[in-house]
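Chains as they are written, first to last, in our numbering: chain A, 1 to 150; chain B, 1 to 317; chain C, 1 to 412. Using N, Cα and C, we set each Cβ at its ideal position, and we do this for glycine too. Okay, structure first, notes after.
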Amino acid sequence: MSKGVLATEKRGIRELGAEKKVGWDEVPQGVILNSFDDVLKENVAHIKPEDRNYSDFNSYTATVASWRVLKPVYNRDICIDCQNCWVWCPDTSIISRDKQMLGIDYDHCKGCGVCVEVCPTNPKSLLMFVEAEDNEAALAKWPEKKKKEK
Amino acid sequence: MAITNIKNLKEFSTTNERFEGAHLLCPGCAHSMIVRELMNATDDNLVIATNTGCLEVSTAVYPYTSWDTSWIHIGFENAASAVAGAEAMYKARKRKGTLKDPDAPVKFVAFGGDGSTYDIGFQWLSGAVERGHDFTYICLDNENYANTGGQRSSATPIGASTSTAKAGRVSYGKKEKKKDMVAIMAAHGAPYVAQLAPNKWKIMAKGFQKALETEGPCFINTVSACTTEWKFDPKDTIHLTDLATDTLMFPIYEIINGTELNILYRPKNVIPVEEYLAAQGRYKHLFKPENKHIIEKIQKDIDERWEYLQRREEAKV
Amino acid sequence: MAEKFELNEVEVWDGNYAASQALRQAQVDVVAAYPITPSTPIVENYGTYVANGYVDGEFVMVESEHAAMSACVGAAAAGGRVATATSSQGFALMVEVLYQASGMRLPIVLTVVNRALASPLNVRGDHSDMYLGRDSGWIQLDAFNAQEAYDLTLCAFKIGEDMDVRLPVMVHQDGFTTSHKAQNVKTLTDEAAYNFVGKYQPYEEMLDFSKPVTYGAQTEEDWHFEHKAKQHKALIDSRSVIDKVLNEFKELTGREYKRVESYYMDDAEVAIVALGSTVETAKYAAKKIREEEGIKAGVVSPRCFRPFPFDDIREALENTKAVIVLDRSAPMGAMGALFNEISAALYTTQNRPVISNYIYGLGGRDFSVKEAIRMFKEAKANADAGYVTTPIQQFSGVRGPKLGFFETKRGK
Chain A
1 MSKGVLATEK RGIRELGAEK KVGWDEVPQG VILNSFDDVL KENVAHIKPE DRNYSDFNSY
61 TATVASWRVL KPVYNRDICI DCQNCWVWCP DTSIISRDKQ MLGIDYDHCK GCGVCVEVCP
121 TNPKSLLMFV EAEDNEAALA KWPEKKKKEK
Chain B
1 MAITNIKNLK EFSTTNERFE GAHLLCPGCA HSMIVRELMN ATDDNLVIAT NTGCLEVSTA
61 VYPYTSWDTS WIHIGFENAA SAVAGAEAMY KARKRKGTLK DPDAPVKFVA FGGDGSTYDI
121 GFQWLSGAVE RGHDFTYICL DNENYANTGG QRSSATPIGA STSTAKAGRV SYGKKEKKKD
181 MVAIMAAHGA PYVAQLAPNK WKIMAKGFQK ALETEGPCFI NTVSACTTEW KFDPKDTIHL
241 TDLATDTLMF PIYEIINGTE LNILYRPKNV IPVEEYLAAQ GRYKHLFKPE NKHIIEKIQK
301 DIDERWEYLQ RREEAKV
Chain C
1 MAEKFELNEV EVWDGNYAAS QALRQAQVDV VAAYPITPST PIVENYGTYV ANGYVDGEFV
61 MVESEHAAMS ACVGAAAAGG RVATATSSQG FALMVEVLYQ ASGMRLPIVL TVVNRALASP
121 LNVRGDHSDM YLGRDSGWIQ LDAFNAQEAY DLTLCAFKIG EDMDVRLPVM VHQDGFTTSH
181 KAQNVKTLTD EAAYNFVGKY QPYEEMLDFS KPVTYGAQTE EDWHFEHKAK QHKALIDSRS
241 VIDKVLNEFK ELTGREYKRV ESYYMDDAEV AIVALGSTVE TAKYAAKKIR EEEGIKAGVV
301 SPRCFRPFPF DDIREALENT KAVIVLDRSA PMGAMGALFN EISAALYTTQ NRPVISNYIY
361 GLGGRDFSVK EAIRMFKEAK ANADAGYVTT PIQQFSGVRG PKLGFFETKR GK
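What follows is the structure, encoded as structure tokens:
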């Protein structure tokens with residue numbers, strides 16, 4: 001299980017399909033799903049994800065980490081906080097707060113590689129490595145600035 | 001309506017996400033890029049309806065929902081009607097004073113793929129727009145019935161190979177042209193219609209904001225590059241979308257009140273469509289010598305349409 | 001604020017007008033509807049009330065019946081009172097959404113003016129549309145006349161919206177025979193009617209943003225069964241709430257309705273089972289044959305046929321000797337649906353009366369007292385013989401050579 005980067009105790013805590021298989025008497029009437037436990041005290045758009053009381057019915061509590069073959073590794077030293085990766089991540093897995101990149105949500109990242117492609121820095125601030133690679137080791141192998149091909 | 005600051009991407013990035021991860025969309029799917037842009041463009045409460053399709057089927061499989069707003073799926077064709085009914089209920093309850101929070105701003109949005117929008121749900125969308133409900137309909141156009149394995153829809157462009165209009169020894173794929181939904185919706189009298197693309201995030205976010213802000217039924221067609229059915233590597237979704245917009249295969253424009261057409265993006269260098277076609281497996285067969293004339297036809301259609309859009313913009317009709 | 005409508009204590013209304021008045025008095029928040037014969041006047045009348053300020057809810061004239069029910073589902077999920085009306089082809093068109101509405105446990109009231117299903121095209125009354133929706137998961141009540149169309153529509157809201165039920169409810173009435181026949185209808189004042197129905201109580205509503213809710217999720221083989229089983233149980237259990245509401249209605253008006261109606265059944269030897277206006281014809285015939293020929297005839301109707309009153313039907317019929325079940329829908333290769341359901345219940349009794357089936361009245365073909373009397377006599381012959389003396393399934397009122405299918409193997 002991957003943690004860090006603003007992970008809460010509810011984020012990515014179970015694999016899809018691993019939820020408890022309850023009986024007809026315990027499933028919600030009308031197959032209705034509530035996104036949060038309890039009543040929200042203000043507009044959810046004003047509450048940071050790490051401060052929300054996600055219900056177990058929210059996919060936030062599931063993880064798709066097992067989908068990955070490759071994973072993106074984030075290099076804070078090179079990143080210019082342009083937010084390209086944030087806007088184009090299909091899995092809400094690029095975590096940015098106060099206009100600053102914080103890193104990857106590895107519970108929800110599927111390893112699609114879009115973030116690497118849209119990163120404008122040279123060398124890139126995100127690169128794909130095999131899933132088993134240690135992030136620190138990956139950072140140590142970071143390539144040098146690429147010369148522009150004529 | 002409370003819109004998000006989209007002065008630049010850094011400002012935009014300070015929004016709090018309302019679309020959660022661990023959904024079942026393919027890695028690299030543009031659908032969720034578009035959904036996130038919509039949901040981050042405003043912080044108004046949203047009531048969202050979605051037709052059966054990739055988005056619906058990937059974000060609401062019991063026991064999980066990826067939606068942090070109220071959301072409803074009924075069937076394949078009727079998201080527009082669902083949202084029309086919800087909007088009518090909102091009006092009724094506001095008038096009767098039975099809303100829990102009557103001052104809370106709310107926007108009604110419907111999502112549908114091209115299959116549900118152009119084909120099976122066409123009547124439902126047409127009816128809702130004709131009746132003038134205050135909602136925004138966003139079509140996630142990946143030019144095929146992706147959820148069921150890539151069958152042709154009336155949004156599939158000419159020459160594309162799909163599982164039911166396949167390229168083979170005696171066929172070059174789809175023979176019919178793509179239906180022009182934006183024109184059809186503008187002809188309904190919708191106050192705001194547009195075609196937008198997620199790679200041009202700012203134009204898309206602005207367009208979404210404009211649609212949400214405009215009273216009445218608004219329609220937005222969005223290009224959603226599909227890694228699985230267009231057959232390209234998941235990491236290249238934005239690159240494909242760049243090709244789509246820069247070849248003018250997907251021109252980005254808006255029509256206001258059916259009479260004012262504005263082109264919202266003019267590529268610095270217009271790329272020949274061949275480069276776009278070459279980047280996707282579904283057009284691979286067009287590069288056989290006997291099919292080359294289809295590529296020429298596609299280019300000719302693009303040029304003619306671009307000419308039309310420019311002339312109409314100039315003439316202000 | 002909606003204007004009040006001054007009504008006489010007794011009005012002369014047809015079934016359509018009665019239903020539309022009930023919808024008005026219930027103060028529905030959203031009616032999304034489409035016109036189709038013979039239910040069109042319900043929608044037109046409602047439109048007239050809207051135009052003259054008697055309704056302050058929304059009235060959405062959609063572009064098809066499928067869209068009508070779809071908009072009703074969206075509106076119901078948004079937390080308010082919802083209703084619509086349709087018939088026949090329109091009903092068939094919205095069947096997909098009927099299942100979706102009940103699966104989502106949304107209270108919606110649908111007044112169905114029963115009409116035959118094409119092909120061939122027919123606008124008159126029979127029960128083929130009613131039968132099409134049998135498994136759709138809705139509570140279904142049947143009105144035999146205009147008074148009942150009014151009364152049961154008001155009850156329908158109260159039943160469906162009950163927190164222990166939360167299911168959509170249909171109120172059926174015969175096309176033309178009831179919907180277009182003006183009869184005396186005793187009314188309630190706007191105030192009394194609305195107070196009976198009560199204020200709508202929202203539950204898991206999309207417009208409560210402090211509790212975002214997802215409707216219409218997908219379930220695969222690992223979850224589907226549990227959800228459908230739960231829904232089925234809710235339908236079966238709704239019987240107690242239906243009884244409770246019908247009882248409250250009796251307290252208010254003196255008019256008593258039961259989920260199974262029995263007429264002259266105390267000592268009945270033979271019985272006709274039917275739905276719709278035919279019940280009144282059969283009642284009249286039963287009375288006549290008792291007076292004139294001393295045959296102990298009675299009539300039973302499963303007025304609330306969903307949830308099917310399995311045990312109440314048994315109780316009503318188990319002491320008879322012969323039963324004839326009338327089906328007003330073309331069964332297409334099988335016994336009539338009502339015959340099948342009644343037979344299943346009677347099969348589990350000690351006594352097991354003999355039971356046979358008549359298909360009648362299709363496409364609005366009239367059904368007469370004379371024919372009902374003839375059927376009672378036939379039932380008496382069956383009762384005396386101890387077995388069904390005719391083919392088990394017969395057709396009543398159709399021209400041409402006599403149609404009969406399957407002979408009994410029992411008792412001959």
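Start-to-end residues for the beta strand (DSSP E) that takes in residue i
i, result
"V35 of chain B", "No beta strand (DSSP E) holds V35 of chain B; the alpha helix (DSSP H) holding it covers 30-41."
"D141 of chain B", "136-141"
"Q25 of chain C", "From DSSP, Q25 of chain C is part of no beta strand (DSSP E) but of the alpha helix (DSSP H) over 15-25."
"H172 of chain C", "169-174"
"E63 of chain C", "Unbroken run through E63 of chain C: none, as it is neither H nor E."
Helix, strand or coil at residue i according to DSSP, with G and I counted as helix
i, result
"I324 of chain C", "strand"
"Q100 of chain A", "strand"
"P289 of chain B", "helix"
"M89 of chain B", "helix"
"P90 of chain A", "coil"
"Y54 of chain A", "strand"
"A143 of chain C", "strand"
"D107 of chain A", "coil"
"S2 of chain A", "Bear in mind that a pLDDT of 47 at S2 of chain A, under 50, signals an unreliable position, so the number given afterwards is only what the model happens to contain. Coil, per DSSP."
"I203 of chain B", "helix"
"I294 of chain B", "helix"
"Q393 of chain C", "strand"
"Y200 of chain C", "coil"
"P41 of chain C", "helix"
Interface partners of residue i on chain B, CB under 7 Å
i, result
"P49 of chain A", "N16, E17"
Chain-ordered neighbours of residue i on chain A, where CB pairs are closer than 7 Å
i, result
"T237 of chain B", "V114"
"H23 of chain B", "S59"
"W67 of chain B", "S35"
"E20 of chain B", "N58, S59, Y60, T92"
"E204 of chain C", "I32"
Test: residue i CB closer than 8 Å to a CB of chain A
i, result
"D222 of chain C", "yes"
"S154 of chain B", "no"
"M1 of chain C", "no"
"G28 of chain B", "yes"
"R374 of chain C", "no"
"G103 of chain C", "yes"
"N78 of chain B", "no"
"R255 of chain C", "no"
"R166 of chain C", "yes"
Per-residue contacts from residue i into chain B (C-beta, under 8 Å)
i, result
"T219 of chain C", "V61, Y62"
Contact set between residue i and chain C, taken where Cβ atoms lie within less than 8 Å
i, result
"G75 of chain B", "S70, E96, V97, Q100"
"W24 of chain A", "F225, E226, H227, A229, K230, K233"
Opening and closing residue of the alpha helix (DSSP H) in which residue i lies
i, result
"M128 of chain A", "Segment 126-130 is the beta strand (DSSP E) holding M128 of chain A; no alpha helix (DSSP H) there."
"Y99 of chain C", "95-103"
"K147 of chain A", "Where K147 of chain A is concerned, there is no enclosing alpha helix (DSSP H), given that its DSSP letter is neither H nor E."
"G127 of chain B", "122-130"
"N247 of chain C", "224-253"
8 Å Cβ cutoff, residue i in contact with chain F
i, result
"G47 of chain C", "Chain labels in this structure do not include chain F; the protein chains are A, B and C."
Minimum Cβ-Cβ distance from residue i to chain B less than 8 Å
i, result
"K110 of chain A", "yes"
"T92 of chain A", "yes"
"D134 of chain A", "no"
"S136 of chain C", "no"
"P87 of chain A", "The sequence given here places Val at residue 87 of chain A; Pro does not occur at that position. For V87 of chain A, the answer is yes, since a Cβ of chain B falls inside 8 Å of its Cβ."
"E161 of chain C", "no"
Where residue i meets chain A, residues with beta-carbon distance less than 8 Å
i, result
"V213 of chain C", "I32, L33, N34, S35"
"S210 of chain C", "V39, L40, K41"
Closer than 9 Å at the beta carbon, the chain A residues around residue i
i, result
"N5 of chain B", "Near N5 of chain B there are no residues of chain A at all, since even the closest Cβ is about 11 Å away, more than 9 Å."
Residues, ordered as in the chain, of the segment 111-132 of chain B that lie near chain C by beta-carbon distance below 9 Å: Cβ contacts with chain C: Q123, W124, S126, G127, A128, E130, R131.
Mind checking the segment 28-50 of chain A against chain B and listing, in chain order, the residues whose C-beta falls within less than 8 Å of any C-beta there? Residues are counted here when their Cβ sits less than 8 Å from a Cβ of chain B; for the segment 28-50 of chain A these are V31, L33, S35, F36, N43, V44, A45, H46, I47, K48, P49, given in chain order.
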